[in-house]
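Novice:
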Amino acid sequence: MPKSRSRPHPLEDGEPLTVNPVSVERGRFAFSVWDLLAAVLLLGVVALLAAGSQGVFGSLKELAAAPISLDPRHLPGYAARTTLRMLVALVLSLLFTFGYATLAAKSRRAEQVLMPLLDILQSVPILGFVSVTVIWFLALAPGKVLGAELVAIFAIFTSQVWNMTYSLYGSLRTVPRELIEVADSFRMSRWMRFWRLEVPFAVPPLVWNTMMSMSGGWFFVVASEAILVGDTEVALPGIGSYIEMALKRSDLTAVLWAIVTMLIVIVLYDQLLFRPLVAWSDRFRFDRQSASAAKPRSWMLDLLGRSAAVNAVAGRLGALMRRSFGPRRGAPPRLAPPPRPTDRKRLRSRRVLVDVVWYALLVGLTGVVGYYLYQYVGSALSLGEGLNTLKLGFYTLIRVFSLTALASVIWVPVGVMIGLDARLTERVQPVVQFLAAFPANLLFPLAVWVIVRYGLNTEIWLSPLMILGAQWYILFNVIAGASAIPNDLRDVGANLRVRGWLWWRRIALPAVFPSFITGAITASGGAWNASIVAEVIVWGDEKLEATGLGAYIVNATEAGDYPRIILGVAIMSLYVVLLNRAFWRPLYERAARRYRVG
Amino acid sequence: MLELVGIHRSFVRPDGSDLLVLDGIDFTLREGEIVGMLGRSGSGKSTLLRIIAGLLPPSAGKVVYQGKPIAGPPEGVAMVFQSFGLFPWLTVLENVQLGLEALGLPAAEQRTRAVDAIDLIGLDGFEQAYPRELSGGMQQRVGLARALVVHPNILLMDEPFSALDVLTAETLRSDLLDLWQGGRLPIKAMVLVTHSIEEAVLMCDRVLVFSTKPGRVTADVAITLPHPREREASEFRLLVDHLYTELTDAVAGERRVRPPQPLAAETSLHYVAPGLLVGLVETLADEPYRGSADLPDLADELRLDVGDLFPVAETLQHLHMAQLSGGDLRLTAQGASFAVADGDGRKKLFGEMLLEHVGLIGHIVEAIRERPDHLLPIERVEEMLSETLDPESAGETLHTAVTWGRYAELFSYDDRRRQLGFEDV
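Quick note, the sequences are listed as chains A and B, same order. When we follow the working numbering, the leftmost residue of the first sequence carries the number 942, and every step to the right adds one. When we follow the working numbering, the leftmost residue of the second sequence carries the number 5, and every step to the right adds one.
1. If you drop the 5 nearest sequence neighbours on each side, which residues of the same chain put their C-beta closer than 7 angstroms to that of Arg334 of chain B?
2. Specify whether the region 1381-1393 of chain A and the region 1405-1421 of chain A touch according to this definition: at least 3 beta carbon pairs, one from each stretch, less than 8 angstroms apart.
3. Quick check on DSSP: helix, strand or coil for Ile365 of chain B?
4. Using CA coordinates, which residue listed in A:Ala1164, A:Ala1167 and A:Leu1109 is at the minimum distance from Val1144 of chain A?
5. Please go through the region 1176-1215 of chain A and give each complete beta strand (DSSP E) segment of 3 or more residues, from N-terminal end onward.
6. Taking only beta carbons into account, state which residues of the region 1153-1178 of chain A come closer than 9 angstroms to chain B, listed in chain order.
7. Going residue by residue through the region 177-247 of chain B, where are the continuous alpha helix (DSSP H) segments of at least 4 residues, counting only ones entirely within it?
8. Taking Cβ-Cβ distances shorter than 8 angstroms, what residues in chain A pair up with Arg420 of chain B?
9. Could you tell me whether any Cβ in chain A is nearer than 9 angstroms to the Cβ of Met83 of chain B?
10. What separation, rounded to the nearest whole angstrom, lies between the Cα atoms of Gly366 of chain B and Gly1466 of chain A?
11. In this structure, how does DSSP classify Met41 of chain B when only helix, strand and coil are distinguished?
12. Return yes when the Cβ of Phe85 of chain B is within less than 9 angstroms of the Cβ of Asp486 of chain B, no when it is not.
13. Please compile the residues from chain B whose C-beta is within a distance smaller than 8 angstroms of the C-beta of Phe1266 of chain A.
14. What does Leu59 of chain B reach in chain A if we use C-beta pairs closer than 7 angstroms?
15. Just list the beta strand (DSSP E) runs in the region 54-98 of chain B, keeping only unbroken ones of 3 residues or longer that don't cross its boundaries, in chain order.
16. Check the C-beta distance from Leu364 of chain B over to Leu273 of chain B and give it rounded, since I have them as a contact under 8 angstroms.
17. Give every residue of the same chain whose Cβ lies closer than 7 angstroms to the Cβ of Pro1527 of chain A, excluding the five residues on either side of it in the sequence, and list them in chain order.
18. Just to confirm, is the Cβ distance from Ile1462 of chain A to Asn1521 of chain A under 9 angstroms?
19. Could you check what DSSP says for Lys1047 of chain A in three-state terms: helix, strand or coil?
20. Which first and last residues belong to the alpha helix (DSSP H) in which Asp162 of chain B is found?
21. Starting from His403 of chain B, follow the beta strand (DSSP E) in both directions and report where the run begins and ends.
22. For my contact list, Leu148 of chain B and Ile125 of chain B are in at a C-beta cut-off of 8 angstroms; report their separation, rounded to the angstrom.
23. I'd like to confirm the pairing. Which residues does DSSP put opposite Glu7 of chain B in its beta bridges?
24. Which chain B residues sit within Cβ distance under 9 angstroms of Glu1139 of chain A?
25. Run through DSSP, which three-state label would Ile1009 of chain A get?
26. What residues match up with Glu1486 of chain A in a beta bridge as DSSP calls it?
27. From the DSSP secondary-structure annotation, give me the bridge partner or partners of Asp22 of chain B.
28. Please determine if the region 97-104 of chain B and the region 117-134 of chain B are in contact, where contact requires at least 3 C-beta pairs separated by less than 8 angstroms.
29. Figure out for me which residue from B:Leu414, B:Val39 and B:Arg44 has the closest Cα to the Cα of Leu353 of chain B.
30. Report the partner residues of Glu1174 of chain A according to the DSSP bridge assignment.
31. Does any residue of chain A have a CB that is nearer than 9 angstroms to the CB of Val362 of chain B?
32. Going by beta carbon distance, what residues of the same chain come within less than 7 angstroms of Lys66 of chain B, once the five residues before and after it are set aside?
33. Where does Arg260 of chain B fall in DSSP's three states?
34. Are Asp253 of chain B and Gly331 of chain B close, meaning C-beta to C-beta below 9 angstroms?
35. Strictly under 9 angstroms for the Cβ-Cβ distance: is Arg1291 of chain A near chain B by that measure?
36. For Gly1410 of chain A, list the residues DSSP reports as bridge partners.
If you want it as structure tokens, here you go:
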């Protein structure tokens, strides 16, 4: 039911004002201790980049000559390499996001292709991408480390870019109409409008999404540094390769060292990059309520803000940007008059005609690609193989489902209890966020050690690894949902003495249901992705394996069996797409409609 | 300064037919005057303002500015928006500079002009504040400064005070008038869209009254009272009364000539809460009105603005419970018997009137009856409405029909199953 439109909220003139004091102009270029600190940090980043990029352009032979060492003294260097890959992937993701999302948001025809494509792309398991493309990347720079670096970067890229693209596209499509009218009435150029209106509006959700998808990035950078496809075996210097080596040698101490290093790296990344970004992007938030809510803070941003040199550079850049905003060149913008009824029929039929041609092209292209894929896969594999893969996919499906359910049974009650306690929430939420960012595959060796030690059934006991990293999304979202339950509702519950199971059934569970579904969707997606890592694990000479589609893809990848890789990846994408369409999306819509609070 | 010639504007309904919003508007804006555009929602006055601003093209006709027809936002026309339209990520100063940036002026000139505009509008000291730190009144001052800083010839204002509380709006109005009277504004003429009659009489030199569906100019009333104008002065009250009459006639317009037709099933409905309908009927029936009231008095007593009162009065008219004419609202025989009936009696009467006069309600009841299980998925009604109405008014129409029907106990609605039926769950 649509609610009747509400009038704009009347704003009182009497409300207390909090106003920034007009800033006193500081003496420019007078260096202070803040400048010194900023300079040191900046130099640190530059040094990291330099150290990290060493050997990127070297040859694979040199790399093979210096295998990964389990000596913890090498870990800082490895961590730097891994971090650098993350940064490069982040920049590439941003570039892709700006291109793809902007095109999709501005052109109707592009949108018709790009958005469904994005939906499929984000359903493809990330390591599946890597398996399929690794040879191509290696061939880009034959015999060089660069090719292998590109593979690892591509894995991180695919793990975060779809999310970011959705976010930017969504924002660009929901820029408030009134602000667009303001931009039009000032005759802003497209360039100015993009940077003054559209991008600022999109920044907060984009930063948030980027941060949330970084966790996937850590997971896959660890999983993709040690590449093994057919005869090609490369171990890029990095934390992922380090842990891979530790697994091969069954070295538990080395595993622990890697875990500690990763913890430090994630904390630094958060403090030096994402906290400042989140704090900075808060000013672009459009909703008015944020005035009262606690503003995110970052010591790093404060430090940069106090440095006169940084301010001077930022001011210069701003001025340069503003200068580019001048009046539109060329003819002034023209409004196309709305078509007359007589013309409209003609115009519409022309549009339909172009649409038909466009769709025909698309269908044709899809058909051709599909045919060749079918030829390629079909010539090597029988129908029985296809059915077998479907069956394996079903096993993995059962794992994903039961684990998502199990994680929900555990974390929903915990999340509700935490979320209802505001002070606890404040303390726990950053921790959960951190846990979600920690690549769970670093913990696999510990689990493997336990399984081997006690001889547990791998079909069952490897499964929890799939949800290890993804479960935190459920907790995170449920906490957020529970802390948003209006006080009125809680008071009513207390007033009517609603307690025990009735309280859960009538108040707590319905209130957190929509946010729980959001978390469960993310968790289930994460579990599918993790199945490729979690269904096959090597520990020393032993190989632990569970029956499932993830293991199928891993084995095909190790054998360099491309028809099977493509088949496995395609079937897994199919499962994910169908599950999203037939199960999660309807459930989400139902939840959003029925259990919306407020 | 600016001339509108035969402006028509229609929007395309989802089924491809035309919805005429503005029907043949001719009008000339002269230098030195403030012109008010008065009408209730749906009269197309905001659409017209956007056509003047070059934000929306007319379907037919032209806007002539400085001797040339416009083909986009013209230079020298600035606009003030109902909900301010400030960029929350820019400070007051940066917001005000925005239009100058778009013109590509040198940074130093941008700054001086912006600071001047901020001083003029009484915001000095707040240059570095962000909009969210300001109250609504101050935000709209920023909106004004931002429009004035580009030194426009014409200032367009789209209900600029309606998002503010009464006192704040009054202060801002008189500040703006003082600046205008004192010749301190860089502008040569203003156009003010409003649905408040008093605001129009207070500020304007000329008021155009708009009819609804489609919007036409039904009266052009000159206001020559000297400034400052006193709301309590008898001339002022006389003008307000006069405009009320013009406005009711514009609204009732053609319906006075032929009696109101039952609303066809696909006509859009404007949402009015049943409680408000009952309240208005009771007030009308009671002392001191005894079945007939002057609209300004009624609006005063109910503390409603004309924009809020008309939909209620009009709905009563559609339901044949009251009659609008000449600025008066008169209770009909049915209305009177509704007023004296008890709870159940009222529901029964209301239901009868709905079935008789609101096509959609009859259609829904019929459709439920035709279903073998007497349960109608609401999607059926949604689909029917979305053929002829845009999504927003289709939603409002459906919401209205379901609320009224439920109130009259003509049918029930189960939101979980999204079904209409006769049984209460």
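Glycine included, every Cβ here is placed at the ideal spot set by N, Cα and C.
Specialist: On the basis of the supplied data:
1. The count along the second sequence starts at 1 and reaches residue 334 of chain B at position 330. Excluding the 5 residues flanking it on each side, Arg334 of chain B has same chain C-beta neighbours closer than 7 angstroms at Gly295, Ser296, Ala326 and Gln327, in chain order.
2. These segments touch.
3. As a first step, residue 365 of chain B must be located in the second sequence, where it is residue number 361. In the displayed model, Ile365 of chain B falls within a helix according to three-state DSSP.
4. To locate residue 1144 of chain A, count along the first sequence from 1; it is residue 203. Of A:Ala1164, A:Ala1167 and A:Leu1109, the residue nearest in Cα terms is A:Leu1109.
5. As for any beta strand (DSSP E) of minimum length 3 sitting wholly inside the region 1176-1215 of chain A, there is none.
6. So nothing in the stretch comes that close.
7. Correct list: 201-207.
8. Position 416 of the second sequence, counted from the first residue, corresponds to residue 420 of chain B. Correct list: Arg1535.
9. Indexing the second sequence from 1 puts residue 83 of chain B at position 79. Between Met83 of chain B and chain A, the shortest Cβ-Cβ separation is below 9 angstroms.
10. Translated into positions along the second sequence, residue 366 of chain B becomes position 362. Translated into positions along the first sequence, residue 1466 of chain A becomes position 525. Approximately 48 angstroms, taken between the alpha carbons.
11. Locating residue 41 of chain B in the second sequence gives position 37, where the first residue counts as 1. In this structure, Met41 of chain B counts as strand in the three-state DSSP scheme.
12. With chain B covering only 5 through 429, there is no way to say anything about residue 486 of chain B.
13. By one-based count along the first sequence, residue 1266 of chain A stands at place 325. Those within 8 angstroms of Phe1266 of chain A in chain B are Glu105, Ala106 and Gly108.
14. Position 55 of the second sequence, counted from the first residue, corresponds to residue 59 of chain B. Under a criterion of Cβ atoms nearer than 7 angstroms, the residues of chain A adjacent to Leu59 of chain B are, in order, Glu1122, Asp1125 and Ser1126.
15. Annotation: the region 54-98 of chain B contains the following complete segments of the beta strand (DSSP E) (minimum length 3 residues), in chain order: 64-69 and 81-84.
16. Along the second sequence, read from residue 1 onward, the residue named residue 364 of chain B stands at position 360. Along the second sequence, read from residue 1 onward, the residue named residue 273 of chain B stands at position 269. The beta-carbon separation of Leu364 of chain B and Leu273 of chain B, rounded to 7 angstroms, stays under the 8 angstroms limit for a contact.
17. In the first sequence, residue 1527 of chain A corresponds to position 586, counting from 1. Nothing listed; no residue qualifies.
18. Taking the first sequence and counting its residues from 1, one reaches residue 1462 of chain A at position 521. Taking the first sequence and counting its residues from 1, one reaches residue 1521 of chain A at position 580. For the 9 angstroms CB-CB criterion, Ile1462 of chain A and Asn1521 of chain A form a contact.
19. Numbered from its first residue, the first sequence carries residue 1047 of chain A at position 106. Helix.
20. Within the second sequence, residue 162 of chain B is the residue found at index 158, counting from 1. First-last for Asp162 of chain B: Ile158 to Asp162, but that is the beta strand (DSSP E), not the alpha helix (DSSP H).
21. In the second sequence, the residue the question calls residue 403 of chain B occupies position 399. Counting along the chain, no beta strand (DSSP E) covers His403 of chain B; the unbroken alpha helix (DSSP H) around it starts and ends at Pro395 to Tyr411.
22. Within the second sequence, the letter at position 144 stands for residue 148 of chain B. Within the second sequence, the letter at position 121 stands for residue 125 of chain B. 5 angstroms between Cβ atoms; contact.
23. Taking the second sequence and counting its residues from 1, the one referred to as residue 7 of chain B is at position 3. In the DSSP output, where bridge partners are listed per residue, Glu7 of chain B has B:Thr32 and B:Val68.
24. On the first sequence, residue 1139 of chain A is found 198 positions in, with the first residue counted as 1. Going along chain B, no residue has its Cβ under 9 angstroms from Glu1139 of chain A, so there is no contact; the nearest lies around 11 angstroms.
25. If you number the first sequence from 1, residue 1009 of chain A lands on position 68. Here Ile1009 of chain A sits in coil by DSSP.
26. For the purposes of this step, residue 1486 of chain A is taken as the residue at position 545 of the first sequence. Residue pairing by DSSP puts Glu1486 of chain A in a beta bridge opposite A:Val1477.
27. Counting from one through the second sequence, the residue named residue 22 of chain B turns up at place 18. Paired residues: B:Val16.
28. Counting C-beta pairs with one atom in each stretch, the region 97-104 of chain B and the region 117-134 of chain B have three or more that are closer than 8 angstroms, which means they touch.
29. For this step, residue 353 of chain B is matched to residue 349 along the second sequence. Of all alpha-carbon atoms in B:Leu414, B:Val39 and B:Arg44, the one lying nearest the alpha-carbon of Leu353 of chain B is that of B:Leu414.
30. Locating residue 1174 of chain A in the first sequence gives position 233, counting from the first residue. DSSP output for Glu1174 of chain A lists A:Leu1169 as bridge partner(s).
31. The residue labelled residue 362 of chain B in the question sits at position 358 within the second sequence. Chain A has no Cβ within less than 9 angstroms of the Cβ of Val362 of chain B.
32. Start at 1 with the first residue of the second sequence, and residue 66 of chain B comes out as number 62. Excluding positions up to five away in sequence, the list reads Val9 and Pro73.
33. By one-based count along the second sequence, residue 260 of chain B stands at place 256. Here Arg260 of chain B scores only 42 on pLDDT, less than 50, and its place in the model should not be relied on; the value that follows carries that caveat. If DSSP states are grouped into helix, strand and coil, Arg260 of chain B belongs with the helices.
34. Here residue 253 of chain B refers to the residue found at position 249 when the second sequence is read from its first residue. Here residue 331 of chain B refers to the residue found at position 327 when the second sequence is read from its first residue. If you check the CB distance, Asp253 of chain B and Gly331 of chain B come in under 9 angstroms.
35. The residue you call residue 1291 of chain A lines up with position 350 of the first sequence. Arg1291 of chain A does not count as touching chain B.
36. On the first sequence, residue 1410 of chain A is found 469 positions in, with the first residue counted as 1. Residue pairing for Gly1410 of chain A: DSSP places it in no beta bridge.
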